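A short write-up of the structure that comes next.
Protein chains: 2
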Amino acid sequence: MKSVEVFAPATIANVSCGYDVLGLALETPGDKVVMHLNESKEITLDRIEGDEGRLPKDPAKNIVTAVVKYYLDQLGLQQGVSVELYKQMPFGSGLGSSSASAVAGLVAINELMGAPLSRKELLPLAMEGERLACGNAHADNVAPALLGGLVLIRSYDPLDVISLPYPENLFCAVLYPHVEIPTSEARKILKTHIPVSDAVKQWGNVAGLVAGFFTQNIDLIGRSMEDHIIEPIRAMLIPGFYEMRQLAMENGAIGFGISGSGPSVFALCDNEATGTEILEKLSDLLKKEGIGSNKYLSPINQAGPIIR
Amino acid sequence: MKSVEVFAPATIANVSCGYDVLGLALETPGDKVVMHLNESKEITLDRIEGDEGRLPKDPAKNIVTAVVKYYLDQLGLQQGVSVELYKQMPFGSGLGSSSASAVAGLVAINELMGAPLSRKELLPLAMEGERLACGNAHADNVAPALLGGLVLIRSYDPLDVISLPYPENLFCAVLYPHVEIPTSEARKILKTHIPVSDAVKQWGNVAGLVAGFFTQNIDLIGRSMEDHIIEPIRAMLIPGFYEMRQLAMENGAIGFGISGSGPSVFALCDNEATGTEILEKLSDLLKKEGIGSNKYLSPINQAGPIIR
């Protein structure tokens, strides 16, 4: 195989109470990478579309070419590769944009090399991509982007990743308000210490959320989608967050939270129509405040990246 | 019905990483209460056995008669009751001794009154008993003592209690070393604030433990039985804790931890013989240090209190 096209999905990290340990993959949006092998020994970035000129064109700095180089170095391979990146999702949105690009790049180069690594084996390399992109090798975006579905990162050291079940017919209604919060900034404002009493609430909710997903108990999932630690701080950076939550919950959302470090927010819904209606109302609410937004309605993506 | 005998079980609160949110019931040991209705309007404590004279004989101060009075007051009932308490487990052991007594008393009086309350409805009353006994209305002993099995307390406000599944053939090998640590003291030495990074590890493990119980994945249950927050502090009060852990793990335990606030420790095992062997080795280890101990080997108690 000389060429491949890979789509890798956007992701919702944390899923409310599961800070740094839970994430889920969306079917849409995501990023597309087209990759060609060639006879050179260079990794070149031939094309970037959809980034409005904002991503680095230097292959050493662009996340996709950087992870491709890292992959080849780790496997001791020398290979000429040319890369095209089609950004099909916003970045700085809290939807795992850099993860989607890195995962698409890794899955593409792995496929072109004859798939020597499983998707789970690609995870540490994708986490290295996250370190390049935002200085922190967290896995709550790259793990679901690579593996699809709903993923628990039980432990980072050693890395222990578990795919969780979830009810069918869940829809994520995702709204990206056009305000920018870089992930590194969003992490900086978090406290380094928290009260034990808040931590106990959080692990009660994380346990409840996992139990709710296993038992397909929509009500328990909703009750457990409470974040007493990270959300109150990050919500300050998201205009109208609590009004949006109230609107979503009044209109039938199971739960509502911040996607990753924001500013995107998501309403978990048990049917598509509810999601559509909530997105309309949320975007109208922000429009009144003069804030534009993107709307995405997606089931949970079971398959993960798609190779074409 | 004029008389009833109720056995209520000892419990392992926390189950390693689930501080204040997880607990499980044992089949043995536990406490027995015998209760008789009479024509007086008094609640009397006619007999206490097995306490070596250490429990209060004043019905206003004894936990069993106190919760019986609380129950009758809450339901607006006036009723003469005489109570006999047969302590069949140590107290100050970290095995939920006061919970077992309170639950036995509550189930007994409820049964004699015609069972107007369900076991779940008795829970807030049992928690009030915990407040009387140790100043803190926690539920991680009383909930499993009342409901049996493995219980998640997702939230205390509002109270939200969820019974979790678990693999068959799990055995708890429990060792109670003869050193005393009152619960109120054990809670005092805990920190009020913890690093977010430790909290993330903890809720990753709690989520992994719940997932392990749902999937009957013994290995995942074992990997998740890590407590980075409470155990390192409480272990200091338990002689030989880390030697005991090593011995238990080397001899086939799935996981090892402190029961409640200690000093009892438990090894979770996937068969009875392993549990027996581990208990022998642990008690021998302590004996060398001049410390006596009680050994209990029990499956998880699915049924909860037993009415005879």
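Chains as they are written, first to last, in this note's numbering: chain D, 78 to 385; chain E, 78 to 385.
Cβ coordinates follow ideal geometry from the N, Cα and C atoms, glycine included.
For clarity, every value in this text was computed on a predicted model and none was experimentally measured.
Exercise for the section: Locate the beta strand (DSSP E) running through valine 158 of chain D, then write down its first and last residues. Expected result: Position 81 of the first sequence holds residue 158 of chain D. 157 to 165 is the span of the beta strand (DSSP E), which, as asked, contains valine 158 of chain D.
Practice task
Please compile the residues from chain E whose C-beta is within a distance smaller than 7 Å of the C-beta of alanine 288 of chain D.
Solution key: One-based indexing of the first sequence puts residue 288 of chain D at position 211. Going along chain E in sequence order, the residues near alanine 288 of chain D (Cβ under 7 Å) are Leu229, Ile239, Leu241 and Val287.
Handout entry: Through-space distance from cysteine 346 of chain E to alanine 90 of chain E, alpha-carbon basis
Key = Within the second sequence, the letter at position 13 stands for residue 90 of chain E. Within the second sequence, the letter at position 269 stands for residue 346 of chain E. If I take the Cα positions, the gap works out to 17 Å.
Problem - Inter-residue Cα distance where the pair is valine 277 of chain D and leucine 286 of chain E - result: Along the first sequence, one-based indexing puts residue 277 of chain D at 200. Along the second sequence, one-based indexing puts residue 286 of chain E at 209. If you take the alpha carbons of valine 277 of chain D and leucine 286 of chain E, they lie about 15 Å apart.
Exercise for the section: Taking C-beta pairs closer than 7 Å, name the residues in chain D that isoleucine 271 of chain E reaches, listed in chain order. Expected result: The count along the second sequence starts at 1 and reaches residue 271 of chain E at position 194. Within chain D, the residues His270, Ile271, Val273 and Ala276 have their CB atoms less than 7 Å from the CB of isoleucine 271 of chain E, given in chain order.
Practice task
Could you run through the stretch 83 to 99 of chain D and flag, in chain order, every residue whose CB is less than 9 Å away from some CB of chain E?
Solution key: Those residues of the stretch 83 to 99 of chain D that come within reach of chain E (Cβ to Cβ, closer than 9 Å) are Cys94, Gly95, Tyr96, Asp97, Val98 and Leu99.
Exercise for the section: With a floor of 3 residues, list each beta strand (DSSP E) that falls wholly inside the stretch 235 to 288 of chain D, ordered by position along the chain. Expected result: If you keep only unbroken beta strand (DSSP E) runs of at least 3 residues inside the stretch 235 to 288 of chain D, you get 236 to 241, 248 to 254 and 270 to 272.
Practice task
Check whether the Cβ atoms of glycine 329 of chain D and phenylalanine 343 of chain D sit closer than 8 Å, and answer yes or no.
Solution key: Here residue 329 of chain D refers to the residue found at position 252 when the first sequence is read from its first residue. Here residue 343 of chain D refers to the residue found at position 266 when the first sequence is read from its first residue. Phenylalanine 343 of chain D sits away from glycine 329 of chain D, with the two beta carbons spaced by 8 Å or more.
Exercise for the section: Taking all protein chains shown into account, decide if leucine 154 of chain E is buried (16 or more other Cβ within 10 angstroms of its Cβ) or exposed. Expected result: Here residue 154 of chain E is taken as the residue at index 77 of the second sequence, counted from 1. Exposed is the call here.
Exercise for the section: Give the straight-line distance between the Cα atoms of glycine 369 of chain D and proline 254 of chain D, rounded to the nearest whole angstrom. Expected result: Stepping through the first sequence from its first residue, residue 369 of chain D is reached at position 292. Stepping through the first sequence from its first residue, residue 254 of chain D is reached at position 177. Computed Cα separation, rounded: 6 Å.
Exercise for the section: Less than 8 Å between the CB atoms is what I'm expecting for glutamate 205 of chain D and alanine 214 of chain D, so what's the real figure, rounded? Expected result: Taking the first sequence and counting its residues from 1, one reaches residue 205 of chain D at position 128. Taking the first sequence and counting its residues from 1, one reaches residue 214 of chain D at position 137. Taking 8 Å as the upper bound for CB-CB distance, glutamate 205 of chain D and alanine 214 of chain D are in contact here, some 6 Å apart.
Problem - Closest by C-alpha distance to leucine 241 of chain E, when choosing among D:Ile230, D:Met302, D:Asn294 and D:Ala102 - result: As a position in the second sequence, residue 241 of chain E is number 164, starting the count at 1. Measuring from the Cα of leucine 241 of chain E, the nearest candidate turns out to be D:Asn294.
Exercise for the section: Might you give, ordered along the chain, the residues of its own chain that have their beta carbon closer than 6 Å to the beta carbon of serine 170 of chain E, omitting 5 neighbours on each side? Expected result: Locating residue 170 of chain E in the second sequence gives position 93, where the first residue counts as 1. So the qualifying residues of the chain are Tyr253 and Ser341.
Exercise for the section: Return the CA-CA distance between isoleucine 384 of chain E and leucine 122 of chain E, expressed in angstroms with no decimal places. Expected result: Here residue 384 of chain E refers to the residue found at position 307 of the second sequence. Here residue 122 of chain E refers to the residue found at position 45 of the second sequence. About 20 Å.
Practice task
In the DSSP assignment, find the alpha helix (DSSP H) that holds leucine 345 of chain E and state where it starts and stops.
Solution key: The residue given as residue 345 of chain E occupies position 268 in the second sequence. Element bounds for leucine 345 of chain E: not the alpha helix (DSSP H) but the beta strand (DSSP E), 342 to 346.
Handout entry: asparagine 213 of chain E: contacting residues in chain D (beta-carbon distance under 9 Å)
Key = By one-based count along the second sequence, residue 213 of chain E stands at place 136. Residues of chain D passing the Cβ test: none, with the nearest at roughly 12 Å.
Handout entry: glycine 127 of chain E versus glutamine 156 of chain E - alpha carbon distance
Key = Looking up residue 127 of chain E in the second sequence gives position 50. Looking up residue 156 of chain E in the second sequence gives position 79. Cα to Cα, the separation comes out at about 27 Å.
Handout entry: Residues near phenylalanine 290 of chain E by beta carbon distance below 8 Å, same chain, minus five either side
Key = Sequence index remark: in the second sequence, residue 290 of chain E carries index 213 (1-based). The answer, listed in chain order, is Leu227, Leu241, Pro242, Tyr243, Pro244 and Ile298.
Problem - Buried/exposed call for glutamine 323 of chain E, threshold 16 Cβ in 10 Å - result: Numbered from 1 along the second sequence, position 246 holds the residue referred to as residue 323 of chain E. By the 10 Å Cβ count, glutamine 323 of chain E comes out exposed.
Practice task
Check arginine 124 of chain E in the structure and name its three-state DSSP category.
Solution key: The count along the second sequence starts at 1 and reaches residue 124 of chain E at position 47. The three-state reading of DSSP puts arginine 124 of chain E in strand, counting E and B together.
Practice task
Can you have a look at glutamine 151 of chain E and say buried or exposed, based on whether 16 or more other CB atoms are within 10 angstroms of its CB?
Solution key: Locating residue 151 of chain E in the second sequence gives position 74, counting from the first residue. The C-beta of glutamine 151 of chain E has fewer than 16 other C-beta atoms within 10 Å across all chains shown, which makes the residue exposed.
Exercise for the section: Give the secondary structure of leucine 209 of chain E by DSSP, where H, G and I count as helix, E and B as strand, and everything else as coil. Expected result: Within the second sequence, the letter at position 132 stands for residue 209 of chain E. Here leucine 209 of chain E sits in helix by DSSP.
Problem - Per-residue burial, asparagine 115 of chain E [other beta carbons within 10 Å of its own, 16 or more giving buried] - result: One-based indexing of the second sequence puts residue 115 of chain E at position 38. With fewer than 16 Cβ atoms within 10 Å of its Cβ, asparagine 115 of chain E is classed as exposed.
Practice task
For arginine 208 of chain D, go through chain E and note every residue whose CB falls closer than 7 Å to its CB, in chain order.
Solution key: Translated into positions along the first sequence, residue 208 of chain D becomes position 131. What arginine 208 of chain D touches in chain E: nothing, since even the nearest Cβ is about 16 Å away.
Practice task
Would you be able to state if there are at least three C-beta pairs under 8 Å between the stretch 141 to 149 of chain E and the stretch 82 to 98 of chain E?
Solution key: With the cut-off at 8 Å, the stretch 82 to 98 of chain E and the stretch 141 to 149 of chain E do not touch.
Practice task
Can you check DSSP and say which residues form a bridge with glycine 334 of chain E?
Solution key: Numbered from its first residue, the second sequence carries residue 334 of chain E at position 257. Answer is E:Phe343, bridged to glycine 334 of chain E.
Practice task
May I have the straight-line CA-CA distance separating glutamate 303 of chain D from glutamate 119 of chain E, to the nearest angstrom?
Solution key: What you label residue 303 of chain D is simply residue 226 of the first sequence in a count that begins at 1. What you label residue 119 of chain E is simply residue 42 of the second sequence in a count that begins at 1. Cα atoms of glutamate 303 of chain D and glutamate 119 of chain E: separation of roughly 46 Å, rounded to the nearest angstrom.
Exercise for the section: Could you say which of D:Ser175, D:Ile186 and D:Ser195 lies nearest to glutamate 207 of chain D if we only look at CA atoms? Expected result: Sequence index remark: in the first sequence, residue 207 of chain D carries index 130 (1-based). The alpha carbon of glutamate 207 of chain D has as its nearest neighbour, out of D:Ser175, D:Ile186 and D:Ser195, the alpha carbon of D:Ser175.
Practice task
Taking arginine 231 of chain D as part of the beta strand (DSSP E), name the residues at either end of that continuous run.
Solution key: Indexing the first sequence from 1 puts residue 231 of chain D at position 154. Segment 227 to 233, the beta strand (DSSP E) holding arginine 231 of chain D.
Problem - Helix, strand or coil at valine 81 of chain D [DSSP, three-state] - result: Taking the first residue of the first sequence as 1, we reach residue 81 of chain D at position 4. Three-state DSSP puts valine 81 of chain D in a strand.
Practice task
Just grab the DSSP bridge partners of proline 133 of chain D for me.
Solution key: Start at 1 with the first residue of the first sequence, and residue 133 of chain D comes out as number 56. DSSP lists no partner for proline 133 of chain D.
Practice task
Count the other C-beta atoms from every protein chain shown that fall within 10 angstroms of the C-beta of arginine 124 of chain E, then say buried if there are 16 or more, exposed otherwise.
Solution key: Start at 1 with the first residue of the second sequence, and residue 124 of chain E comes out as number 47. Exposed.
Handout entry: Cβ neighbours of glutamine 379 of chain E in the same chain (closer than 6 Å, five flanking residues each side left out)
Key = Working through the second sequence from its first residue, we reach residue 379 of chain E at position 302. Excluding its 5 nearest sequence neighbours in each direction, glutamine 379 of chain E has C-beta neighbours in its own chain below 6 Å: Gly225 and Gly226, listed in chain order.
Practice task
Could you tell me whether the Cβ atoms of alanine 85 of chain E and alanine 177 of chain E are closer together than 8 Å?
Solution key: If you number the second sequence from 1, residue 85 of chain E lands on position 8. If you number the second sequence from 1, residue 177 of chain E lands on position 100. It is a contact, given that the beta carbons lie within the stated cut-off.
Practice task
Would you mind stating whether phenylalanine 219 of chain E and alanine 179 of chain E have Cβ atoms separated by less than 8 Å?
Solution key: Position 142 of the second sequence, counted from the start, is the residue given in the question as residue 219 of chain E. Position 102 of the second sequence, counted from the start, is the residue given in the question as residue 179 of chain E. Checking the displayed sequence, the identity of residue 219 of chain E turns out to be valine instead of phenylalanine. Yes, the Cβ-Cβ distance between valine 219 of chain E and alanine 179 of chain E is below 8 Å.
Exercise for the section: Measure the C-alpha to C-alpha separation of methionine 321 of chain E and methionine 190 of chain D and round it to an integer number of angstroms. Expected result: Here residue 321 of chain E corresponds to residue number 244 of the second sequence, with the count starting at 1. Here residue 190 of chain D corresponds to residue number 113 of the first sequence, with the count starting at 1. Rounded to the nearest angstrom, the two C-alpha atoms are 49 Å apart.
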